[in-house]
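Offset between the sequence shown (1-based) and this note's numbering: plus 1. Just so you know, even glycine gets a beta-carbon here, dropped at the ideal spot from N, CA and C.
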Amino acid sequence: MSDGWISGAIALLSIALASIVAAEAIRDVYHWLGHAWQPLRPWHQVHHKVFRADLTPVSEAVYRRAEWVNDVPEALAMVSLTTLGALSLWYTWGVASAFVGSLYAGGFLVAAIARGWATANLPTFPTGPGP
């Protein structure tokens with residue numbers, strides 16, 4: 002019995018996992034740039050002004066604005082760069098599992114857009130202490 006499929010599956014899963022790690026690394030670099038690079042700093046500062054020290058939201062409007070000016074562009078960077086990497090792997094070696102990172106990043110983009118349109122009734126918007 003040939004074990005070639007096992008090593009192939011491990012390779013594809015490793016590439017998929019690496020693409021998710023790459024998406025998270027892109028997010029970390031984008032966050033760092035939000036602190037270090039002047040053109041991103043004003044938008045990123047909105048992201049840090051969303052919650053008070055007790056983790057209650059300042060306001061729904063500030064929360065939603067932070068999604069549009071920080072989290073959506075961050076997710077767009079994640080989707081764009083992971084897709085470029087996945088396309089290069091697919092074109093070069095025919096490896097499609099690298100698109101897992103793009104799908105992962107796309108989930109963050111969809112979530113950020115949804116939170117930008119959200120109301121206080123959605124579970125992603127903290128409404129204060131529970132019952």
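Around the beta carbon of aspartate 4, fewer than 16 other beta carbons lie within 10 angstroms, which makes this residue exposed.
Between phenylalanine 100 and the set Leu56, Thr84, Gly108, the nearest pair of CA atoms involves Thr84.
Taking a C-beta distance under 8 Å as the contact criterion, alanine 78 and isoleucine 27 qualify as a contact pair.
Residues Ala106, Phe109, Leu110, Ala113 of the same chain have their beta carbon placed closer than 7 Å to that of alanine 76, with the five preceding and five following residues left out of the count. Between alanine 54 and valine 22, the alpha-carbon positions lie close to 30 Å from each other.
Assigned with DSSP and collapsed to three states, proline 58 falls in strand. With a threshold of 16 other beta carbon atoms within 10 Å, isoleucine 11 falls short and is exposed.
The straight-line gap separating the alpha-carbon atoms of valine 51 and glycine 95 is approximately 43 Å.
The Cβ-Cβ distance between glycine 117 and arginine 65 falls below 8 Å. In this chain, the alpha helix (DSSP H) harbouring proline 74 covers 73-94. Rounded to whole angstroms, the Cβ separation of tryptophan 38 and valine 70 is 15 Å, and the two are not in contact under 8 Å.
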